[in-house]
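In what follows, a structure is listed as structure tokens, so that the remarks can point back to it.
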Amino acid sequence: MTNLLAITIGRSPRKDISPVMERYLSDDIAVEQVGVLDDLTDYEMSVISSYSDQDEVLVSRVDDEHSIELNAKIVEDHLQKIIQNAENRGYKHILLLCTGTFPDIVLKTSNLYLPDQIISPVISNIAKHRKMGLLIPHENQKSMMEDKWGKYGLDPLIASASPYLDLDEIVVSAKSLEQSNADFILMDCMGYTEEMKEAVSAQVTIPVILSNTLMVKILSEFL
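All residue numbers in the sequence shown are consecutive under our numbering, ending with 224.
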């Protein structure tokens, strides 16, 4: 039996992502979920959700009905503590349920599977001669995403629509990417679901790639 710790930057468990892991990961993999927000006090919640125009912003789920915008740097600090605790508990395999960038995380004994470091190289190699349409949760993330994908030589078309709000808004934003001549769409957040992908695919004629499915499928080959 392989033990896998799945960390969300929101609150666990992530009922929207769990079906993907259950579908594509082997029955021999035992998944435990933990969230950055799980044990935070009201004061700590106010700190982690405070940010300026210069801060990178991440979006995650608090519960089935509410989402939250988070300061990426403070999230990274909390992630480091969770990972250190997991390593102390003997975890060797840790999956981050977020496509954001976390350059300062330090590992001692575990393998940390970061979607940003796995999905981005795969997509960039496939997309070398194609125009990528990027669907992201929050408009304030546009500059961050331009930097993220610019490192791979890509200049994506970008539209925003939160996976935690209105499905129709997601479809409209995705259609705008196709209308802007995107060759394919990457739903660049682990919070987008297969249901959302199906809704988008029904309204566009270009390929649609779902980050959480791609990440879990790749990971399933190595565990």
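Cβ coordinates follow ideal geometry from the N, Cα and C atoms, glycine included.
All values reported here derive from a predicted model rather than from experimental measurement.
* Return the first residue and the last residue of the alpha helix (DSSP H) that Ile171 is part of. => Leu168 to Gln180
* Asked: Based on Cα-Cα distance, which residue from Tyr92, Val123, Ala73 and Leu113 lies nearest to Thr102?
  -> In terms of CA proximity to Thr102, Ala73 leads the group Tyr92, Val123, Ala73 and Leu113.
* **Minimum C-alpha distance to Ala1 - residue among Lys109, Ser50, Val76 and Trp150** => With the chain covering only 2 through 224, there is no way to say anything about residue 1.
* Asked: What's the call for Gly134, buried or exposed, on a 16-neighbour Cβ count within 10 Å?
  -> Residue environment for Gly134: buried (at least 16 other C-beta atoms within 10 angstroms of its C-beta).
* In this structure, does DSSP put Ala87 in helix, strand or coil? -> helix
* To do: List the endpoints of the continuous alpha helix (DSSP H) containing Gly151.
  => Counting along the chain, the alpha helix (DSSP H) containing Gly151 begins and ends at Lys143 to Gly151.
* Asked: Do you know whose CA, among Thr9, Ala200, Ile159 and Glu66, lies nearest Leu59's CA?
  -> Thr9
* Compute every distance between the C-beta of Ser19 and the non-hydrogen atoms of the ligand COA, then say whether any falls below 8 Å. => Among the components of this structure there are no ligands whatsoever, and the ligand COA is therefore not found.
* Could you tell me the boundaries of the beta strand (DSSP E) in which Ile159 lies? => Leu158 to Ser161
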